[in-house]
Structures are given as C-alpha cells and as structure tokens.
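Listed in order, the protein sequences are those of chains Z and W. With my numbering applied, the first sequence closes on residue 657, and no number is skipped along the way. With my numbering applied, the second sequence closes on residue 657, and no number is skipped along the way. By construction, the Cβ of each residue, glycine as well, lies at the ideal position given by its N, Cα and C atoms. Report on one structure; see the data block that follows.
There are 2 protein chains.
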Amino acid sequence: MLFFTQCFGAVLDLIHLRFQHYKAKRVFSAAGQLVCVVNPTHSLKYAPTRCAAAQTSTEQGVLPPCRHHEAVHDPQLVPCTCPLFSCPWEGHLEVVVSHLRQTHRINILQGAEIVFLATDMHLPAPTDWIIMHSCLGHQFLLVLRKQEKYEGHPQFFATMMLIGTPTQADNFTYRLELNRNQRRLKWEATPRSVLECVDSVISDGDCLVLNTSLAQLFSDNGSLAIGIAITTSKVHNAEDEM
Amino acid sequence: MLFFTQCFGAVLDLIHLRFQHYKAKRVFSAAGQLVCVVNPTHSLKYAPTRCAAAQTSTEQGVLPPCRHHEAVHDPQLVPCTCPLFSCPWEGHLEVVVSHLRQTHRINILQGAEIVFLATDMHLPAPTDWIIMHSCLGHQFLLVLRKQEKYEGHPQFFATMMLIGTPTQADNFTYRLELNRNQRRLKWEATPRSVLECVDSVISDGDCLVLNTSLAQLFSDNGSLAIGIAITTSKVHNAEDEM
C-alpha cells in the first residue's frame, strides 16, 4: 500500500514538473532555450552578516576570514563561496563547483540563454533558489533569495556570480529578464565573483530586487520564470548603447 | 547688496543647471535626446489612501468619488487626476494638462525619447518629481515618487500615466531605463490612465521600484537620470520577443 502511495506521489510530481516545463516554455517561447525548474532550499540557519568581513576581497582567491571562520589555517582555502547559509564548507575555488553539485545537488545547465523557473515563491523567507550555469567556458551561479531585510516585508533578490576571480568576472555581463502580463523588467550588470560573497551583494542591494507585489505580478501560479543570458563584455560600454 | 546677493545666487543656479545638463548628456550620449532637469516637489500633505476608492475606474472618464471628494456634483468632473498630494483640484480630463502646467508649473516636453534628470534624490520622503511628456499625439505624465511604504525605509517609485482613458492607454508601451556604472535596469509596461490614480499604482507596486541602495548606485551626485521612451503597442506581444 505504501509502495502504491509513493508511486502515485512520484507520478503526480512528474505531471507537476511537466506542467511547469510547459508553462515556462509558453512564457519564453524562443526556440532553443533551456528551461530549468528550480526548487527552493529553505535556509534553516539565517546569518545575514556571515560574510561581512568578505567585502574587501582580493584577486588572489583568498578572502579575509568570515566571522564564523576565524580560524582559517590555509590561506588558499576560500570560505563563503558556498552561498547556502547553512553550509560551513570552505575550500579552494577550483572545487566549489563539485562541492555545490555533490553536497547540495545543485544542477548545472549548459547554454548561452536559459530560463530559470523558481517554484513555490510563496514559501516564507529565508529561502534560496540556486542553479549553476555553464557558459562561455566558465561556471556561473544564479542565486534567487527571498529575504526579510525589513521585518515582515520579504523581498526577492536575484544575482549572478562567477565561480572565478573578480578580474575574470569583469569580462562578462549577465542579464536577468522577467516578462509577463505586458510588463518587462531587465537587469544587466557585471557578475560578481563568488569570492565577494553572495550575502554582501544582497545586503548591498546591488542586484535585481523585487518587492512581493512585483514578484506576484511576474509569477504564474506561484512560479517565477527568469530569463538568463550571459555575454562577454570586455569592450562593452553600456553608456554608448543608450 | 541684496540685489548682488540674489544675482550671484541666480548665476550659481545657472552654473549648477548647466553642469547637470552636461552630466545628463554625458550619461545618455545618444544624439537628439532631450534632457530635462526635474526639481523635486515636497508633498506637505501626505495622504496615501487619497484615491483608494478610485481603483474601479471606468472608461467614461468618471471616477468614483475620492475620500476627500465625497461631494462630487458633476459626474463629468475627474477628481484625483492631479497627482500632487496636496492639490484638491478636480476637473474634466481635457483640462488636466493645462491645470498641471498653469497651477503646478509642470514642464511639458516633446520627443519620442527624453531623459528625465531628477535632482536632490536625498530629500526626505514624501517627495515627487513630475514631468509631462508629449508624444505620439498624446500627453503622458511621468511621476517619480520617494515614499516610505515601510517606516524608515524610503523607496523610489516611477511610473508613466496617460492623460487619457484606460482604453487609450492600452495602445502604448513605455520604457524607463537607468544606466550607470555598468548596470542597467529597464522597466517596460503599458501606461496607466490618470483616471486610475497614481497613488493606487504606486501602492500596488506595479511600477519601477528602487530601494535606496539601488537608487544610489544609479545616481550621480544626487541626481538620477531616467531614459524614457514611448511606443505604440497595439500589436505588441511581449512574450513573442523573448
């Protein structure tokens, strides 16, 4: 009986997943775009100041120790690069991708343009939706976070980080795009390096920020579709394009 | 002596204005764009629920009476179309433009694309920056408002309203664009009709919303440049363009 119940649950999950894929494809109808359904990760340990000391990040892939990483022995170890609040992991920049894949089972997608479909937007803050994006020879991390900067008023923050150094990150531009109900919101910026710590990017507000009301306007049945594109930007001069 | 002091003040003002124009042109370098320096209007009487009754607006250019307009005698009179909080004016839709020009000295600019340069972004909430934009045979109203939806946390809200009916408004798409420091934020939507009341659009959050930190990132020396473009959109299908 338990077996049948579980099977039925799995079939329902598959139907739900298929339906969400269909919806995302309907919203972003351009051919060839990968749609990835991203389920939320509820952050049990909420530590907004985790990386407060990480703001003066350097090019060497070494960060000043974080508040709960006071005893970092090997200067080549990178604390804070795992963006999940509850993870105390630290390690070399080169193994961040495998840590995120293996320990946190974060998917990695290929392709210049993908659609990130975050489900269950109604879940209480703090909640993360995370995916890795492999593109132009590098790996990027997209983090969507629901967080209460002001008590009782959750907001959504979306940013893209390069799993690489700040100098490498300067070579790229990422674009996040929401598009629904004859409304469109686009955010374009240079990705930050994961060495700079996602927490500080979000607390600085230097990312795509959505109030709950705006998030609801762009959501479809509790899911938010974000179109993502990454381009090289070494000669990019945003001011000339206006 | 007083005369000289005043003259000196006026010259300083002119230099300041000239400098701001120069800055705006530097930021938005495309040829032929009009730059308009918009000074703030501090709203003395703050009444966020002024138009709460106006949300069920109709196509006839007649609004349900606002809370402080309970005694509207002529159903053809349009209350609330003056977006300035402190103005109890009411009148026909056809005379809204002349009311705004004559009573509030709001500038009207011609051109498909203009740059709105809001000065003194540091002023405390509630503050409005307002301009009229004449384009494609219609007049639009751009309202940038600094408001504390959550006490102690001012936000900036920018929206474009058509001085016309909701049906007329459906024919257009407006775009607001911020562009500075290798960051770009674009908001595209159908303008609302002034009959729907700017206060309710802002309280719904159905507009471009900026946190203070994001507004600072896009500001240059206390001024925020917003690129504005209006297009016709009858056959526009945003979903197909992704």
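Amino acids of chain W, ordered along the chain, whose beta-carbon sits closer than 7 Å to that of residue i
i, result
"residue 620 of chain Z", "626, 628 and 629"
"residue 568 of chain Z", "565"
"residue 632 of chain Z", "621"
"residue 591 of chain Z", "Simply none; closest approach about 10 Å."
"residue 561 of chain Z", "Near residue 561 of chain Z there are no residues of chain W at all, since even the closest Cβ is about 15 Å away, more than 7 Å."
"residue 610 of chain Z", "None at all; the shortest Cβ gap to chain W is about 18 Å."
"residue 577 of chain Z", "Ordered by position in chain W, no residue passes the 7 Å Cβ test against residue 577 of chain Z, which lies about 14 Å from the chain."
Cβ-based neighbour list, residue i, same chain, cut-off 6 Å, excluding 5 preceding and 5 following
i, result
"residue 563 of chain W", "540 and 569"
"residue 589 of chain Z", "575, 606 and 645"
"residue 566 of chain Z", "none"
"residue 571 of chain W", "561, 625 and 630"
Heavy atom of the ligand ZN within 6 Å of residue i beta-carbon
i, result
"residue 560 of chain W", "Judged by which ligands are present, the structure shown has none, so any question about the ligand ZN falls away."
Alpha-carbon to alpha-carbon, residue j and residue i
i, j, result
"residue 521 of chain Z", "residue 623 of chain Z", "21 Å"
"residue 449 of chain Z", "residue 546 of chain Z", "13 Å"
"residue 527 of chain Z", "residue 543 of chain Z", "23 Å"
"residue 628 of chain W", "residue 619 of chain Z", "7 Å"
"residue 525 of chain W", "residue 534 of chain Z", "44 Å"
"residue 529 of chain W", "residue 621 of chain W", "22 Å"
"residue 634 of chain Z", "residue 549 of chain Z", "25 Å"
"residue 640 of chain Z", "residue 616 of chain Z", "22 Å"
"residue 626 of chain Z", "residue 553 of chain W", "31 Å"
"residue 454 of chain W", "residue 518 of chain W", "16 Å"
"residue 516 of chain W", "residue 591 of chain Z", "39 Å"
"residue 656 of chain W", "residue 573 of chain Z", "Confidence is the limiting factor: at residue 656 of chain W the pLDDT is only 45, short of 50, which leaves the residue's position unreliable, though a coordinate-based value still follows. The alpha-carbon atoms of residue 656 of chain W and residue 573 of chain Z are separated by roughly 22 Å."
"residue 514 of chain W", "residue 585 of chain W", "24 Å"
"residue 594 of chain Z", "residue 642 of chain W", "20 Å"
"residue 470 of chain Z", "residue 560 of chain W", "Because the pLDDT of residue 470 of chain Z is 37, which lies under 50, any placement of that residue in the model is unreliable, and the question is left without a value."
"residue 509 of chain Z", "residue 578 of chain Z", "8 Å"
"residue 558 of chain Z", "residue 505 of chain W", "48 Å"
"residue 613 of chain W", "residue 507 of chain Z", "52 Å"
"residue 587 of chain W", "residue 452 of chain W", "25 Å"
"residue 599 of chain Z", "residue 580 of chain Z", "31 Å"
"residue 660 of chain Z", "residue 647 of chain W", "This structure leaves residue 660 of chain Z out entirely; chain Z is present only between 416 and 657."
"residue 632 of chain Z", "residue 596 of chain Z", "8 Å"
"residue 601 of chain Z", "residue 556 of chain W", "22 Å"
"residue 551 of chain Z", "residue 551 of chain W", "42 Å"
Neighbourhood of residue i by C-beta distance below 8 Å, restricted to the same chain and skipping five residues each side
i, result
"residue 537 of chain Z", "637"
"residue 512 of chain W", "523, 547, 554 and 578"
"residue 583 of chain Z", "553, 577 and 608"
"residue 456 of chain Z", "499, 519, 542, 543, 544 and 545"
Where residue i meets chain Z, residues with beta-carbon distance less than 9 Å
i, result
"residue 639 of chain W", "What residue 639 of chain W touches in chain Z: nothing, since even the nearest Cβ is about 15 Å away."
"residue 508 of chain W", "The contacting residues do not exist; residue 508 of chain W stays about 23 Å from chain Z at best."
Cutoff 7 Å; reference residue i; Cβ partners in own chain excluding five residues on either side
i, result
"residue 488 of chain Z", "In this prediction, residue 488 of chain Z has a pLDDT of 47, which is less than 50 and means its spatial position is unreliable; what the coordinates show is noted afterwards. Excluding sequence neighbours, residue 488 of chain Z sits near nothing in its chain."
"residue 532 of chain Z", "435, 439, 450, 451, 452, 453, 638 and 640"
"residue 651 of chain W", "Per-residue confidence for residue 651 of chain W stands at a pLDDT of 46, beneath the threshold of 50, marking its modelled position as unreliable; no derived number is given."
Under 7 Å from the C-beta of residue i: neighbouring residues of chain Z
i, result
"residue 556 of chain W", "Correct list: empty, because the minimum Cβ distance to chain Z is about 19 Å."
"residue 449 of chain W", "Within 7 Å Cβ-Cβ: nothing; residue 449 of chain W doesn't reach chain Z, min ~13 Å."
Listed by chain order, chain W residues near residue i by CB distance under 9 Å
i, result
"residue 515 of chain Z", "In chain order: nothing, as chain W lies at least about 26 Å away."
Closer than 7 Å to chain B by CB, residue i
i, result
"residue 526 of chain Z", "The structure shown contains no chain B; its protein chains are Z and W."
Quiz item: Where in the region 540-574 of chain Z do unbroken runs of the beta strand (DSSP E), each at least 3 residues long, occur, reported from the N-terminal end onward?
Solution: Annotation note: the region 540-574 of chain Z contains the following uninterrupted beta strand (DSSP E) runs of length 3 or greater, listed N- to C-terminal: 542-550 and 553-565.
Self-check item: Against chain W: residues of the region 524-553 of chain Z by CB proximity under 7 Å
Solution: Taken residue by residue, none of the region 524-553 of chain Z has a beta-carbon sitting less than 7 Å from a beta-carbon on chain W.
Exercise. Only counting runs of 3 or more residues, tell me where the beta strand (DSSP E) segments fall wholly within the region 575-624 of chain W, in order along the chain.
Key: Here the runs fully enclosed are 587-595 and 598-604.
Exercise. Mind listing, in chain order, the continuous alpha helix (DSSP H) runs of no fewer than 4 residues lying wholly within the region 509-543 of chain W?
Key: Correct list: 511-517.
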